[in-house]
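Some notes on the structure that comes next.
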Amino acid sequence: MKKHREHFSAGAYGLFILAFVGTALLCVCLGSVPISLRDTVACLWNGLWGTEIPAGIAKNIILNVRLPRVLNVALCGAALSLCGAAMQGLLQNPLADGSTLGVSSGASLGAVIALALGVTGASGGVMGMAMGFAFLSLLLILGLAYALDKSLSTNSIILIGVIYSMFVSSILTLIISFSGEKLRTITFWTMGSLSGTNYGHAGLLSLFLALCGGVILGHARELNAFAMGEDNARHIGVNIRRVKLTILIAVSVLIGVCVSIAGNIGFVGLVIPHMARMIAGPNHKRLLPASLFSGAVFLMLCDLAARTVLSPIELNIGVVTSLVGAIAFVTIFYRAGKGRDRGC
Amino acid sequence: MSRKTVALFLCLLLALPMTGALAEEPAVVVTDMYGREIALAAPAQRVVALTAADCEILCALGCGDALVGRGEYCDYPESILAVPVVQSGAETNIEEILALEPQVVLMGDMAQSRDQVDMLEQNGVKVVVSNAEDIAGTYTAIRMIGQLMGKDAEAEALIADMQATFDDIRAKSENTSKTVYFEVSPLEWGLWAAGKNTFMDELAGICGLTNAFADVEGWGEVSQEQVIARDPDYIVTTTLYYGEGPTPVEEVMSRAGWEGMKAIQSGRVYNADSNAVSRPGPRLKDAVLELYNFINGTDAEEPAA
Chain A
206 MKKHREHFSA GAYGLFILAF VGTALLCVCL GSVPISLRDT VACLWNGLWG TEIPAGIAKN
266 IILNVRLPRV LNVALCGAAL SLCGAAMQGL LQNPLADGST LGVSSGASLG AVIALALGVT
326 GASGGVMGMA MGFAFLSLLL ILGLAYALDK SLSTNSIILI GVIYSMFVSS ILTLIISFSG
386 EKLRTITFWT MGSLSGTNYG HAGLLSLFLA LCGGVILGHA RELNAFAMGE DNARHIGVNI
446 RRVKLTILIA VSVLIGVCVS IAGNIGFVGL VIPHMARMIA GPNHKRLLPA SLFSGAVFLM
506 LCDLAARTVL SPIELNIGVV TSLVGAIAFV TIFYRAGKGR DRGC
Chain B
4 MSRKTVALFL CLLLALPMTG ALAEEPAVVV TDMYGREIAL AAPAQRVVAL TAADCEILCA
64 LGCGDALVGR GEYCDYPESI LAVPVVQSGA ETNIEEILAL EPQVVLMGDM AQSRDQVDML
124 EQNGVKVVVS NAEDIAGTYT AIRMIGQLMG KDAEAEALIA DMQATFDDIR AKSENTSKTV
184 YFEVSPLEWG LWAAGKNTFM DELAGICGLT NAFADVEGWG EVSQEQVIAR DPDYIVTTTL
244 YYGEGPTPVE EVMSRAGWEG MKAIQSGRVY NADSNAVSRP GPRLKDAVLE LYNFINGTDA
304 EEPAA
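The listed protein sequences correspond, in order, to chains A and B. So the first sequence is numbered by the working numbering: it starts at 206 and just counts up by one. So the second sequence is numbered by the working numbering: it starts at 4 and just counts up by one.
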């Protein structure tokens, strides 16, 4: 048998970057308001070099609305997909995702509490609370799982995550019932929207993606060990609890930031890693970067559809990702089930 | 034993023609906005109103005292805040309503279901449904509630007053090609805008303006790019202000990429009372007056600036 190289070659990375940049350009060129390719490119070019751009609608739409949104969407997609891949590897469970672990729900709860208490000044309060609650949820879930089962076994974490999500959703309904005049704000928030995202958000997302994503990518070797089973990982000298904790913290922080900026976007973290696995194989040194790039590309395309299909109306991006994601998920599992037995 | 039976029989015999007579000539017959006929022996004395607009209409007709229960979102006028609150919408609590012993329940058709109506009627409570979707529908609702309460003259006077205001403003406003964009939430939550067949659309028409999103049916989350490209002359936001952070108007004025828009440059951004412009009740009159003053107030200042 031919030996696979563990890492992608520089050429493969080139292809990924090409696909990413190509999709990003496509998404910036297309939108609800038609703007000619020449104007778009002129805006981007001048914007990039900081030269003067003739004021006009094109400049405002491309540089202030479309570009920041595409950037945010790409970063969210990359982050969510990377988190999904990391959790699926870590928990050896093809169903692991920010939502199944309860981290996304925890983040939503934090954001809604911030809104209900009125600490909304900037979106700082909401984001801080979302991150804090994502992290606290994680501690709570891990703590409970640890109390039940000292080895932090995979199934107990997932089970507690699902129960926790249900618990949180009832608390959310409770808060909404008591929210009185804030009802509208909270309802709108839970529907989630990418409309208001700006360069500031993109900057924050890049920062956290670089930090937490770096940590996750740096643990590719350990994730490979986990894929062979926790016992095997322990035998080859992986500090199971430390690695688990590090990765789960990175994941929860990253998901907290994504939820506070874009709301709860389902299926990206669940489906994209499976697609990436079909392209790149199960080795995390290849799987993680592949998930990162394909998550960004996938979410940018979903957002493009959400922005343009019903123009001037915008669809919620979650509607698009769930529609596409659910179908893709079933297809992938059907194929995988036919090919080999996948115990889950 | 047999004497008792005979007495009961006689009572029934006596009672029959009486109820018959009542059924033949009820003092009040109301046709509700579902086309159902509701008959009452006398104008209603005890009413539960589930929608905010119906509460406002009742009070405007001087029947605030007849209100024995209100839906959870009924908050105007202040005098009704002491009235017990009942759940409305899908969670309508039939028990709560029955405990208040109303003769009539006024409900909207938005979040209510047919089952709820049937259950109330089975328990001897008359249900009158209102579903005003435009100003004409609001008049119908006012007239209907007036009949129900025996306040026909007051209802006609209220309608005439509203009509006079609308006519006056329509006459004063010339039809310009100027456009207005209505939104209900800050940018963060997505731009939910009022399209065709909303009260805001109708009020804009009375003031001689065109809704910038007349191609959207009802309410919809519109694309920010479209708002910038359509460049409306006026922006009206109904975002509620909680007294912290930027006010809704400041928030609109500070949006990135909106600087070049006509409404932003001339400061024609206005925070309207969300309840007045969206409830099919008597305050639509106030809403149109406010909108008119906003449009013309800023117009009048323009030459000086």
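Note that CB positions come from ideal geometry on N, CA and C, so glycine has one too.
- Take the alpha-carbon of residue 402 (chain A) and the one of residue 240 (chain B): they are about 19 angstroms apart.
- Residue 413 (chain A) sits in a helix when the DSSP states are folded into three classes.
- Residue range 129-133 is occupied by the beta strand (DSSP E) that includes residue 129 (chain B).
- Contact between residue 380 (chain A) and residue 317 (chain A) holds, with the beta-carbon distance rounding to 6 angstroms and staying under 8 angstroms.
- Any Cβ of chain B closer than 7 angstroms to the Cβ of residue 383 (chain A) would place that residue at the interface, and such an atom is absent.
- Sequence-distant partners of residue 443 (chain A) (beyond 5 residues in either direction) whose C-beta falls short of 7 angstroms from its own C-beta, in its chain, are 427, 430.
- Checking the DSSP bridge columns, you'll see residue 261 (chain A) has no partner listed.
- The alpha helix (DSSP H) runs lying completely inside the region 242-296 of chain B and spanning 4 residues or more are 251-256, 265-268, 277-281, given in chain order.
- At a cut-off of 7 angstroms between beta carbons, residue 37 (chain B) makes no contact with chain A.
- A check of alpha carbon separations from residue 467 (chain A) across A:486, A:541, A:284 identifies A:284 as the nearest.
- Secondary structure at residue 185 (chain B): strand, using DSSP grouped into helix, strand and coil.
- By DSSP's assignment, residue 213 (chain B) forms a beta bridge with B:182.
- Residues of chain B with a Cβ closer than 8 angstroms to the Cβ of residue 243 (chain A) do not exist, since the nearest Cβ in that chain sits about 17 angstroms away.
- The C-beta of residue 32 (chain B) has fewer than 16 other C-beta atoms within 10 Å across all chains shown, which makes the residue exposed.
- Cβ atoms of residue 270 (chain A) and residue 249 (chain A) stay farther apart than 8 angstroms, at about 13 angstroms.
- Ranked by Cα distance from residue 471 (chain A), the options A:527, A:296, A:376, A:375 are led by A:527.
- Around the Cβ of residue 175 (chain B), a 10 Å sphere holds fewer than 16 other Cβ atoms; the residue is exposed.
- A residue is called buried once 16 or more other Cβ atoms fall within 10 Å of its Cβ, and residue 283 (chain B) is buried on that count.
- Under a criterion of Cβ atoms nearer than 8 angstroms, no residue of chain B is adjacent to residue 252 (chain A); the nearest Cβ is some 12 angstroms distant.
- The Cβ-Cβ distance between residue 255 (chain B) and residue 272 (chain B) falls below 7 angstroms.
- For residue 193 (chain B), the nearest beta carbon of chain A is closer than 7 angstroms to its own beta carbon.
- Cβ proximity to chain B below 9 angstroms picks out 269, 270, 271, 273, 274 from the region 269-286 of chain A.
- When DSSP states are grouped into helix, strand and coil, residue 110 (chain B) belongs to the strand group.
- For residue 448 (chain A), the enclosing alpha helix (DSSP H) stretches over residues 445-467.
- Between the alpha carbons of residue 179 (chain B) and residue 303 (chain A) lies a distance of about 53 angstroms.
- Taking the Cα of residue 297 (chain A) as reference, the smallest distance to any Cα among A:495, A:436, A:494 is reached at A:436.
- For residue 271 (chain A), there is no enclosing beta strand (DSSP E), since its DSSP letter is neither H nor E.
- Note that the C-beta distance between residue 450 (chain A) and residue 366 (chain A) is not below 7 angstroms.
- The region 121-138 of chain B and the region 34-42 of chain B touch, with three or more beta-carbon pairs separated by less than 8 angstroms.
- Each residue's CA atom was taken as its position, placing residue 232 (chain B) and residue 519 (chain A) some 15 angstroms apart.
- For residue 219 (chain B), the neighbours in chain A by C-beta distance under 8 angstroms run, in chain order, 517, 518.
- Within chain B, the residues placing a beta-carbon under 7 angstroms from that of residue 237 (chain A) are 226, 228, 229, ordered along the chain.
- The beta carbon of residue 401 (chain A) falls within 7 angstroms of a beta carbon belonging to chain B, placing the residue at that interface.
- For residue 398 (chain A), the residues of chain B that pass the 8 angstroms Cβ criterion are 191, 192, 193, 224, in the order they occur in the chain.
- The region 507-522 of chain A and the region 531-539 of chain A do not touch, with fewer than 3 CB-CB distances between them shorter than 8 angstroms.
- Residue environment for residue 239 (chain A): exposed (fewer than 16 other C-beta atoms within 10 angstroms of its C-beta).
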